[in-house]
Amino acid sequence: MHAITITEPGGPEVLRWTEVPDLEPGPGEVLIDVAASAVNRADLLQRQGAYPPPPGASEYPGLECSGRIAAVGPGVEGWNVGDEVCALLAGGGYAEQVVVPAGQVLPVPDGVLLAEAAGLPEVYCTVWSNVFAVGRLAPGDTFLVHGGAGGIGTAAIQLASAYGARVFCTASAAKHNLCLALGAERAIDYRSEDFVEIVKDATDGRGVDVILDNMGAKYLGRNVTALATNGRLVVIGMQGGVKGELNLGALLAKRASITATSLRARPISEKTEIVEDVKTHVWPLISFGKIRPIIDRAVALPDAAEAHRVLEAGEASGKVLLVR
Numbered sequence: 001m002h003a004i005t006i007t008e009p010g011g012p013e014v015l016r017w018t019e020v021p022d023l024e025p026g027p028g029e030v031l032i033d034v035a036a037s038a039v040n041r042a043d044l045l046q047r048q049g050a051y052p053p054p055p056g057a058s059e060y061p062g063l064e065c066s067g068r069i070a071a072v073g074p075g076v077e078g079w080n081v082g083d084e085v086c087a088l089l090a091g092g093g094y095a096e097q098v099v100v101p102a103g104q105v106l107p108v109p110d111g112v113l114l115a116e117a118a119g120l121p122e123v124y125c126t127v128w129s130n131v132f133a134v135g136r137l138a139p140g141d142t143f144l145v146h147g148g149a150g151g152i153g154t155a156a157i158q159l160a161s162a163y164g165a166r167v168f169c170t171a172s173a174a175k176h177n178l179c180l181a182l183g184a185e186r187a188i189d190y191r192s193e194d195f196v197e198i199v200k201d202a203t204d205g206r207g208v209d210v211i212l213d214n215m216g217a218k219y220l221g222r223n224v225t226a227l228a229t230n231g232r233l234v235v236i237g238m239q240g241g242v243k244g245e246l247n248l249g250a251l252l253a254k255r256a257s258i259t260a261t262s263l264r265a266r267p268i269s270e271k272t273e274i275v276e277d278v279k280t281h282v283w284p285l286i287s288f289g290k291i292r293p294i295i296d297r298a299v300a301l302p303d304a305a306e307a308h309r310v311l312e313a314g315e316a317s318g319k320v321l322l323v324r
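Following UniProt numbering, the numbering of the sequence shown begins with 1 at its first residue and continues without gaps.
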């Protein structure tokens, strides 16, 4: 088979379409003929040498895919050869085939094209496990997501809105209409507006209950200021740096919490539980058309380097797919 390999840490040019050994599913695993994968920022970090795969994971990039089951390993129940599926991966999605634990496989939701489904597992597993499981977002809560027009952001806006939260987001001005159309009450231009001031004004000084943050250090202090009493800040990225200054007094006074999480390195048992929750709580909303995949563009899988350039340049709104 063929896969995208990383010849050495570097820019998009180090991604190569290469012939690699075929795969076979082991006990509890399925083999998927990949129809499409999707690009995530973690893939860019892996390409740069800053985010290696967890032990035992595929060395090829790609944290999600869609396709058809080509083979099932011993002990697998509920899946059959030919089933159309999508899957949450620890790696290996940028390939013609991938092996994945059966518990991390999801059916393609009704009304979603097979290729489009490649852009669902990583973002919705991330949003559900962080905004709802960790952040405990509830109907009537206020919610702020940074990077509202990205893959995670477009998923978070839709899901939080569908569950009855008031949604705010940061995004570049050119992408505000998309964020508003997806359910955001207010889109904030991170280049020219102060998100703390705006969410405080919109909530009569109270602040927001939950913040999903991909920036890390750069926004740490302002995020704490923007939180309401008993607020929850969930950090899932470090695009703005890894070291910031924290006013513990402000955090203590609000009885607030900060949690930093990642999904890729979690054990299979935890990922299986998250996938089951997503199938139960999110997939019906997709099938009923209440939320939908937001696809910016599709690029041929061998041209993954071009897809990485698009994401790094900040050109994309929603997901960039890699299709065979």
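Ideal placement from N, C-alpha and C gives every residue a C-beta, glycine not left out.
Remember, predicted model here, so these are calculated numbers, not experimental data.
{"Check": "Where does VAL112 sit, in a helix, a strand or coil, going by DSSP?", "Outcome": "coil"}
{"Check": "Out of LEU182, LEU23, LEU227 and SER262, point me to the one whose CA is closest to ARG255's CA.", "Outcome": "LEU227"}
{"Check": "Between the C-alpha atoms of GLY164 and ALA184, what's the straight-line distance to the nearest angstrom?", "Outcome": "11 Å"}
{"Check": "Can you tell me the Cα-Cα spacing of VAL275 and ARG191, whole angstroms?", "Outcome": "35 Å"}
{"Check": "May I ask which residues mark the beginning and end of the alpha helix (DSSP H) holding ALA202?", "Outcome": "195 to 202"}
{"Check": "Taking ALA95 as the reference, which of PRO284, ALA50, ILE6 and LEU45 has the closest Cα?", "Outcome": "ILE6"}
{"Check": "Compute the beta-carbon to beta-carbon distance between residue 326 and ILE32, rounded to the nearest angstrom, for a pair I have assumed lies under 8 Å.", "Outcome": "The requested residue 326 is not part of the displayed model; the chain covers only 1 to 324."}
{"Check": "Quick test of the definition: if touching needs 3 or more C-beta pairs under 8 Å, does the stretch 168 to 184 touch the stretch 193 to 204?", "Outcome": "yes"}
{"Check": "Alpha carbon to alpha carbon, how far is PRO109 from ILE286? Give it in angstroms, no decimals.", "Outcome": "7 Å"}
{"Check": "Given a cut-off of 8 Å, decide if LEU137 and VAL39 are closer than it, judged by their beta-carbon atoms.", "Outcome": "no"}
{"Check": "By Cβ distance, which residues of its chain are closer than 7 Å to VAL282, with the 5 residues on each side in sequence left out?", "Outcome": "TYR124, TRP128 and LEU159"}
{"Check": "Please name the residue in ALA187, VAL134 and TYR60 whose C-alpha comes closest to that of SER37.", "Outcome": "TYR60"}
{"Check": "Please classify PHE168: does DSSP put it in a helix, a strand, or coil?", "Outcome": "strand"}
{"Check": "Can you tell me whether THR259 is helix, strand or coil according to DSSP?", "Outcome": "strand"}
{"Check": "How many Å lie between residue 327 and GLU24 at the Cα?", "Outcome": "In the structure displayed, the chain extends from 1 to 324; residue 327 sits before or after that span and is not available."}
{"Check": "Using 8 Å as the threshold, is the stretch 68 to 85 in touch with the stretch 51 to 60, meaning 3 or more CB pairs across them?", "Outcome": "no"}
{"Check": "Between which residues of its own chain and GLY216 is the CB-CB distance below 8 Å, once the five residues before and five after are set aside?", "Outcome": "VAL235, GLY237, MET238, GLN239, GLY240, GLY241, VAL242 and GLY244"}
{"Check": "Determine the DSSP secondary structure at THR280, reduced to helix, strand or coil.", "Outcome": "helix"}
{"Check": "Judging by CA-CA distance, which residue of ASP83, GLN104 and VAL81 is the nearest neighbour of LEU89?", "Outcome": "GLN104"}
{"Check": "My assumption, with CB atoms under 8 Å, is that ARG232 sits in contact with SER257. Please give the rounded CB distance.", "Outcome": "5 Å"}
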